[in-house]
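A.B. asks:
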Amino acid sequence: MTKTGLLAAIAFGGLIVGATALATPPNGFQPAAAQVRAEQSCDKEGVWPNSAARELCLAHVTRAYEWGEPALAKQLAHVAREARESCMNEGFRVETAGFRDCIGREIDARSDLLILGDDQSGDNVATAQ
């Protein structure tokens with residue numbers, strides 16, 4: 023191997039190591055563990071398996087666990103259940119695209135309130151009395 027080839031191999035190896043380090047969450051939390059915890063949180067809230075609400079619950083809650091925010095993750099699972107109930111009360115049928123859109127809007131709106139109202143104690147101060 024030439025000197026140039028060796029330098030290129032070293033640089034490429036450093037690039038791979040750097041990319042791996044950037045892909046790992048800063049708190050060292052493994053994505054697989056976050057996914058399992060998210061499934062448990064969504065199950066505990068009664069978010070239906072194989073539904074748009076479940077899919078969106080898992081996406082939001084997994085991300086919160088990956089960020090090291092378990093209190094937010096639990097609140098987001100609760101939000102997903104409330105969003106499902108709200109959309110059903112509005113008359114959307116579960117198997118429709120309108121239901122999925124409604125769930126997405128509801129989760130986004132409610133999660134914005136959680137994030138803005140969270141005082142890091144795990145209590146949602148936006149709704150505290």
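One rule links them: number in the numbering used here = place in the sequence shown (from 1) + 22.
No residue lacks a Cβ here, since even glycine has one placed at the ideal position from N, Cα and C.
No experiment lies behind these values; they were computed from the predicted model shown.
Using 9 Å as the threshold, is the C-beta distance between V83 and R106 below it?
C.D. replies: No, these two residues do not count as a Cβ contact at 9 Å.
A.B. asks: Can you tell me the Cβ-Cβ gap for E104 and R85, rounded? I've got them flagged as a contact below 8 Å.
C.D. replies: Their Cβ separation, rounded to whole angstroms, is 18 Å, which puts E104 and R85 out of contact at 8 Å.
A.B. asks: Looking at the structure shown, is G113 part of a helix, part of a strand, or coil, going by DSSP?
C.D. replies: Reduced to three states, the DSSP call for G113 is coil.
A.B. asks: With 16 other CB atoms within 10 Å as the buried threshold, where does D134 fall?
C.D. replies: D134 comes out exposed.
A.B. asks: Would you please state the rounded distance, in angstroms, between the beta carbons of A60 and A95? I believe it to be under 8 Å.
C.D. replies: Confirmed, about 7 Å.
A.B. asks: Let me confirm a value: E67 is counted as buried when at least 16 other C-beta atoms fall within 10 Å, else exposed. Which label applies?
C.D. replies: The residue in question, E67, is buried, as its Cβ has 16 or more Cβ neighbours within 10 Å.
A.B. asks: Does at least one heavy atom of the ligand MG sit under 8 Å from the Cβ of A95?
C.D. replies: As far as ligands go, the structure on display features none, and thus does not contain the ligand MG.
A.B. asks: Taking its Cβ as the centre, do 16 or more other Cβ atoms sit within 10 Å of V58, making it buried, or is it exposed?
C.D. replies: Exposed is the call here.
A.B. asks: Let's see if you can read the secondary structure: which residues bound the alpha helix (DSSP H) around T84?
C.D. replies: Element bounds for T84: 74-88.
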